[in-house]
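Working notes, beginning with the structure itself.
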Amino acid sequence: MSETVEDEVRVAAPAPAAPAARTARRPRRGAADTGERGILSGYDRGRTGTRWGLRVAQGLVLVLLVVASLGPILWLARASVSTTQDTLRTPMAFWPSGIDWANLSTAWNQAQISHYFANTVWVALGSWFVQLLVATTGGYVLAVLRPRYAPVVSAAVLATLFIPGVVVLVPLFLTVLDLPVVNASLLNTYWAVWLPAGANAFNVLLVKRFMDGLPRDVYEAARMDGAGPLRMLWSVVLPMSRPILGVVSIFAFLNAWKDFLWPQIVLPEPTLQPLSVRLPLIRDTVELDVFLAALLISMALPIAIFLVFQRLFLRGAGLGGAVKG
2 MSETVEDEVR
12 VAAPAPAAPA
22 ARTARRPRRG
32 AADTGERGIL
42 SGYDRGRTGT
52 RWGLRVAQGL
62 VLVLLVVASL
72 GPILWLARAS
82 VSTTQDTLRT
92 PMAFWPSGID
102 WANLSTAWNQ
112 AQISHYFANT
122 VWVALGSWFV
132 QLLVATTGGY
142 VLAVLRPRYA
152 PVVSAAVLAT
162 LFIPGVVVLV
172 PLFLTVLDLP
182 VVNASLLNTY
192 WAVWLPAGAN
202 AFNVLLVKRF
212 MDGLPRDVYE
222 AARMDGAGPL
232 RMLWSVVLPM
242 SRPILGVVSI
252 FAFLNAWKDF
262 LWPQIVLPEP
272 TLQPLSVRLP
282 LIRDTVELDV
292 FLAALLISMA
302 LPIAIFLVFQ
312 RLFLRGAGLG
322 GAVKG
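Start counting the sequence shown at 2; every next residue gets the next number (this note's numbering).
In structure tokens, the structure reads:
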């Protein structure tokens, strides 16, 4: 009987209380915002002296960047409308002592900058068209149509980026000198500049990367509506790819405008040469002020083109990763 009572007491006895949980350790001060902290903490940024010092440092860096980027352009603009004596006497003057607008007209007419300017525009436009055509069609095939051999072609195009341009300079010149199949020479023709410019692997991969991010549902809807490859390229892909096409256009035009070595090799005829080739040759035939005016004229159009299309350039730089959303 006593054993039964003891068993009931044991069963009815409450279980021992669990040990109290340890008090959670409080996070360290500022641990929650460690991802947002930099060299200066939030407390340091709140101090008046640190805040003003940071603003002064940012202002100095901004001023240095502006001077380094715009300084040479502003100096050239001032020197191009100054006399040679004024430029040599006070080269670092901010404002010319006398403005001579005749330098620009002399460079345009007597130095024949107008003729070489037209040559440069023609070379740049042709190179732009060929590069845009190859980059658009190549990127469209590799990213949208995606044939069976697309990965192999993409790898081959990517591999060409690791080949220095000087390595293929001689084979490319021999090809231009005696074009296979047709047995014709492209020397002293603008085709010798335009056709090699189209083989730009960077532009092809750039357009392909952008088109890879476009929603494929649009392509499927176009196919269901009966659109063929050309119709889909013209009506669907190109309107959606205008930002990246603007970026490729700027790259292609500016690279063709400033290219020196290849036009000098394949265009030995002086009447066909662009500004990049002719400007160093006319240095000893004109005065310094006229030569500086010619330099200003040669860089005016690229700057204007970039300023006009900079919105497309910036949109194309930041839109590639945001299309799928």
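Heads up, the beta-carbon is just placed ideally off N, CA and C, and yes, glycines get one too.
Neighbourhood of V287 by C-beta, 7 Å cutoff - its chain only, sequence neighbours within 5 removed: If we look at V287 and ignore the five residues flanking it on each side, its Cβ neighbours are A112.
Exposed unless 16 or more other CB atoms sit within 10 angstroms - verdict on A103: Counting of Cβ neighbours within 10 angstroms places A103 among the exposed residues, the total staying below 16.
Buried/exposed call for S70, threshold 16 Cβ in 10 Å: S70 is exposed by the Cβ-count criterion.
Sequence-distant residues of the same chain with beta carbon closer than 6 Å to L234, five excluded per side: The residues are Y141.
Rounded separation between A108 and A295 - CA only: In a straight line, the C-alpha of A108 is about 5 Å away from that of A295.
A202 CB to nearest heavy atom of the ligand NAD below 7 Å: Of the ligands one can find in the structure shown there are none, so the ligand NAD has no counterpart to examine.
A185 - DSSP class collapsed to helix/strand/coil: For A185, the three-state secondary structure derived from DSSP is strand.
Element boundaries [alpha helix (DSSP H), containing I245]: I245 -> alpha helix (DSSP H) spans R243 to K259.
L162 classed as buried or exposed, judged by whether at least 16 other C-beta atoms fall within 10 angstroms: Per the 10 Å Cβ criterion, exposed.
Distance between L170 and Q331 (C-alpha atoms, nearest Å): Because the chain in this structure spans residues 2 to 326, residue 331 falls outside the shown range and cannot be described.
Beta-carbon gap between P275 and T84 smaller than 8 Å: Against a cut-off of 8 Å, the Cβ pair of T84 and P275 comes out as no contact.
Between the CA atoms of W123 and M300 - distance to the nearest angstrom: Rounded to the nearest whole angstrom, the CA to CA distance from M300 to W123 is 16 Å.
DSSP bridge partner residues for L180 (one or two, in chain order): As a beta-bridge residue in DSSP terms, L180 pairs with A185.
Nearest residue (CA-CA) to W192, options L273, A136, S155 and G247: Considering only alpha carbons, the answer is L273.
Per-residue DSSP class, three states only, for F163: Judged by DSSP in its simplified three-state form, F163 adopts helix.
Cβ contact (3+ pairs, closer than 8 Å) linking the segment 131 to 141 and the segment 201 to 216: The segment 131 to 141, when compared against the segment 201 to 216, does touch it at the 8 Å Cβ threshold.
Where D226 falls, given that 16 or more other Cβ within 10 Å makes a residue buried: D226 comes out exposed.
Inter-stretch contact (C-beta, 8 Å, three-pair minimum) for the segment 199 to 208 and the segment 126 to 134: Yes, since at least three Cβ pairs between the segment 199 to 208 and the segment 126 to 134 fall closer than 8 Å, the two stretches touch.
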